[in-house]
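For the record, the sequence lines run as chains A and B.
Going by the numbering used here, the first residue of the first sequence is number 1, and it counts up by one from there.
Going by the numbering used here, the first residue of the second sequence is number 341, and it counts up by one from there.
Structure, as structure tokens:
Number of protein chains: 2
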Amino acid sequence: MKIIKNNNKISELRKDLVSGNWVIIAPKRMQRPFRLKETSPLKRLRNSIKNCPFENPQLFGHGEPSLVLKSEKNKNQWAVQVVKNKYPALGGGTQKTKHEGPYELRDGIGIHEVVILRDHNKNLYQLSNKEMSELVRAYILRYQELSLLSYIAYISIFHNSGLSAGASIDHPHSQIMALPIIPPNVEHSIRGSLNFHRKTGKCVHCVMIDFEKKSKKRVIFENKKFIAFSPFALNQAFEVRIFPKKHSPQFEFMSVEEIECFSDILSAVLKKISKALGDPDYNFFIHTAPVAAFYYTHYHWHLEILPKKGIQAGLELGTDVIMVSVSPEDAAKILRNTKI
Amino acid sequence: MKIIKNNNKISELRKDLVSGNWVIIAPKRMQRPFRLKETSPLKRLRNSIKNCPFENPQLFGHGEPSLVLKSEKNKNQWAVQVVKNKYPALGGGTQKTKHEGPYELRDGIGIHEVVILRDHNKNLYQLSNKEMSELVRAYILRYQELSLLSYIAYISIFHNSGLSAGASIDHPHSQIMALPIIPPNVEHSIRGSLNFHRKTGKCVHCVMIDFEKKSKKRVIFENKKFIAFSPFALNQAFEVRIFPKKHSPQFEFMSVEEIECFSDILSAVLKKISKALGDPDYNFFIHTAPVAAFYYTHYHWHLEILPKKGIQAGLELGTDVIMVSVSPEDAAKILRNTKI
């Protein structure tokens, strides 16, 4: 058993006895504005620039940033800064597994950070390629540092844009959660791609990329190093996945040229989604190998974008069977043909 | 290979190459009112009684009902009727597995029905116990008939209440989907409970129920035959699960007394949720054993209720790790103490 220095327990990780899935119970996040009788999270008020906690994060009680990238145009100005989440879902504690009756739980140890962009009103699809690559560089720099912490098993980087996508603050920001466990759906994907590799000697994602490039039916955008397509078996209508064409398990080892190509394709796809679908709210997240990456050479990292065009209802919640009424072929055609 | 009579292919089931999960691609559902540039599904207009397709389902082009339960008070009036979904996600086709490059797909064979309640304005929590037990009886009768179809592997019964819970029509209705596959998360639960049974000789759900009854911390309501509690490792804040106290894998074999007790506890919990949380939208669904039930004697059926009090954002979508800021103990206390 390893003792983590910071013993200020913020949350609890609980394991589902049947599925093995994990839940983070983080009551301190209740200190955020929260009303019990609010029927819909969408009724929250949008916050103005004046009251925005991310305009000047330090003034609003955020501590010293863990990373600051300066603006190209004005060296006195920050362009991207990373701070600890003021209402973190993860914090200190011990790694020890505890029990309550038949149940298993642990302290929610880990790090929860916010990646803040300078401009309150600039949605990510409005960033220049230069600005986008600065954001990607911030993700990578923080990932590399957090992955050195011995108690971290997986680092999730994600972006929620808009209230209906779960962003409680309008000001554009991404989040980084360094977790002490490998999340269940990452574990499933790792196992699935390992099984495919054992059977065929090939990377399942490389096989898909090859087929999509040939068939072209679901491809949305392509550049020298990356490809974006709507997946054959998708999780949501208008879902887009971006893959490096060269097999690579880990996103954090991109070259400068790869960062540029990745920023280019991410910008292009977000612009197309915004134009074709009427500026929808969206989520995106990176799927990359867990931090002990030498075990996961069969994996192929990627980014998934989910525009908010539907609701997970009883069927999806009750069975995990996804039902979509727009095929990935139709969605890809619409997005591919959207001029940006 | 078995040929299904109705060869009118309505949808496609596609298998994810990595996870093994299934997706239903149902383009015919696009014929429902749908706008590409609608930024949020919540902006749809509510439909008035006059234009409601469920006020007189046959007048609005629904075919003959597969089940009609008459009103107690007025024998000329229907109280519950079940019709085929006008925009079904499942239909005819063959059971044969096909391939497109490396991918696997099948015709989406199955049955998609709608269970319609008579009163346009009566949310389920406003039903009398008598009316609720009629609804439960409709679920059971349709389940029993559909489970006789040789090509059906699992029947999902669910209820979406309100736009933010994915209901596209206000008029209270539930849905029944008879699927040709066992859904991934049902498969995981079956496997998880089987592993527990092999290790301990006990039903994992019976063990949980025993512990919850003793600890009382998460119990919300209890009657002679059923218990409702907020699960230790939940999928969403304010989630409630209702279990029969007696071990039983299959919901469709309830006795008359059990139907009454089940309707009583479902009514009570929905009333408490509505009162404590400000009449939120919600989903519920039944988890029961797959139709070839003799294989699944270790399973324990239950109903899950998910009030819409949060949004699945980037973390949940990207990792399946759920983050909640209200513990199940707090949620249970609030609901338990809500007078109805």
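C-beta atoms are modelled at their ideal positions from N, C-alpha and C, and glycine is treated no differently.
{"Asked": "Beta-carbon within less than 7 Å of MET594 of chain B's beta-carbon, same chain only, minus the 5 sequence neighbours each way: which residues are those?", "Found": "ILE480, PHE602"}
{"Asked": "Name the chain B residues whose beta carbon is nearer than 7 Å to that of GLN126 of chain A?", "Found": "Those within 7 Å of GLN126 of chain A in chain B number zero; the least Cβ separation is about 16 Å."}
{"Asked": "Excluding the 5 residues flanking ARG336 of chain A on each side, which residues of the same chain have their C-beta closer than 6 Å to its C-beta?", "Found": "ILE220"}
{"Asked": "Can you pull the DSSP bridge partners for LEU277 of chain A?", "Found": "LEU277 of chain A pairs with nothing; no bridge assigned."}
{"Asked": "Would you decide whether HIS439 of chain B is buried or exposed? Buried here means 16 or more other CB atoms lie within 10 Å of its CB.", "Found": "exposed"}
{"Asked": "With DSSP collapsed to three states, give me the class of LEU317 of chain A.", "Found": "helix"}
{"Asked": "Beta-carbon of TRP641 of chain B versus every beta-carbon of chain A: anything under 7 Å?", "Found": "no"}
{"Asked": "List the endpoints of the continuous alpha helix (DSSP H) containing VAL186 of chain A.", "Found": "184 to 200"}
{"Asked": "Mind checking which residues open and close the beta strand (DSSP E) that includes GLU444 of chain B?", "Found": "443 to 447"}
{"Asked": "For chain A, check one thing: does any of its Cβ atoms lie closer than 7 Å to the Cβ of THR637 of chain B?", "Found": "no"}
{"Asked": "Shorter than 7 Å from the beta carbon of PRO442 of chain B to some beta carbon of chain A?", "Found": "yes"}
{"Asked": "Just mark LEU277 of chain A as buried or exposed, buried being the case when its beta carbon has 16 or more other beta carbons within 10 Å.", "Found": "buried"}
{"Asked": "Shorter than 7 Å from the beta carbon of PRO249 of chain A to some beta carbon of chain B?", "Found": "no"}
{"Asked": "Counting contacts by CB-CB distance shorter than 7 Å, is LYS413 of chain B in contact with chain A?", "Found": "no"}
{"Asked": "Between B:TRP362, B:VAL408, B:ILE350, B:ALA672, which has its C-alpha nearest SER555 of chain B's C-alpha?", "Found": "B:ALA672"}
{"Asked": "Using only CA atoms, which one of B:ARG531, B:ASP550, B:LEU467 lies nearest to SER607 of chain B?", "Found": "B:LEU467"}
{"Asked": "Step through the CB atoms of chain A and report whether any lies within less than 7 Å of the CB of GLY432 of chain B.", "Found": "no"}
{"Asked": "So, helix, strand or coil for PRO244 of chain A, using DSSP?", "Found": "strand"}
{"Asked": "Should ARG218 of chain A go down as buried or exposed, given a rule of 16 or more other Cβ atoms within 10 Å for buried?", "Found": "buried"}
{"Asked": "So which residues on chain A does ASP660 of chain B lean against when the C-beta distance must stay under 7 Å?", "Found": "ASN21, PRO183, PRO184, ASN185"}
{"Asked": "Suppose the cutoff is 6 Å on Cβ atoms and the five residues either side in sequence are ignored; what does the same chain contact list for LYS43 of chain A look like?", "Found": "Low confidence applies here, because LYS43 of chain A scores a pLDDT of 46, under 50, leaving its location unreliable; read the following figure in that light. For LYS43 of chain A, where only same-chain residues beyond five positions count, there are no Cβ hits under 6 Å."}
{"Asked": "Tell me, please, which residues DSSP counts as bridged to GLY432 of chain B.", "Found": "B:LYS349"}
{"Asked": "Please identify, using Cβ separations under 7 Å, the residues of the stretch 484 to 512 of chain B that lie next to chain A, in order along the chain.", "Found": "SER496, PHE498, HIS499, ASN500, SER504, ALA505, GLY506"}
{"Asked": "Find the nearest neighbour of LEU341 of chain A within the set B:LEU534, B:LEU655, B:ILE680, B:VAL526, judged by alpha-carbon distance.", "Found": "No answer is possible for residue 341 of chain A: the residues shown for chain A start at 1 and end at 340."}
{"Asked": "Looking only at C-alpha atoms, which of B:ILE364, B:GLY650, B:SER665 sits nearest to ARG446 of chain B?", "Found": "B:ILE364"}
{"Asked": "Below 6 Å CB to CB, which residues in the same chain sit around ILE521 of chain B once its five sequence neighbours on both sides are set aside?", "Found": "TRP362, ALA493"}
{"Asked": "Using a C-beta to C-beta distance shorter than 8 Å, which residues of chain A count as neighbours of LEU519 of chain B?", "Found": "THR319, VAL321"}
{"Asked": "So what does DSSP say about TYR622 of chain B, is it helix, strand or coil?", "Found": "strand"}
{"Asked": "For SER533 of chain B and chain A, any beta-carbon pair shorter than 7 Å?", "Found": "yes"}
{"Asked": "In its own chain, which residues sit with a C-beta less than 7 Å from the C-beta of VAL631 of chain B, not counting the 5 before and 5 after it?", "Found": "SER487, ILE492, ALA493, TYR494, ILE495"}
{"Asked": "Taking Cβ positions, are ILE599 of chain B and SER473 of chain B nearer each other than 7 Å?", "Found": "yes"}
{"Asked": "Could you tell me which residues DSSP pairs with GLU562 of chain B in its beta bridges?", "Found": "B:ILE567"}
{"Asked": "Under a CB-based cut-off of 7 Å, is SER667 of chain B close to chain A?", "Found": "yes"}
{"Asked": "Quick one: list the residues of chain A neighbouring HIS528 of chain B, beta-carbon separation under 7 Å, in chain order.", "Found": "SER19"}
{"Asked": "With distances taken Cα to Cα, identify the nearest neighbour of HIS171 of chain A among A:ASP320, A:LYS246, A:ASN51.", "Found": "A:ASN51"}
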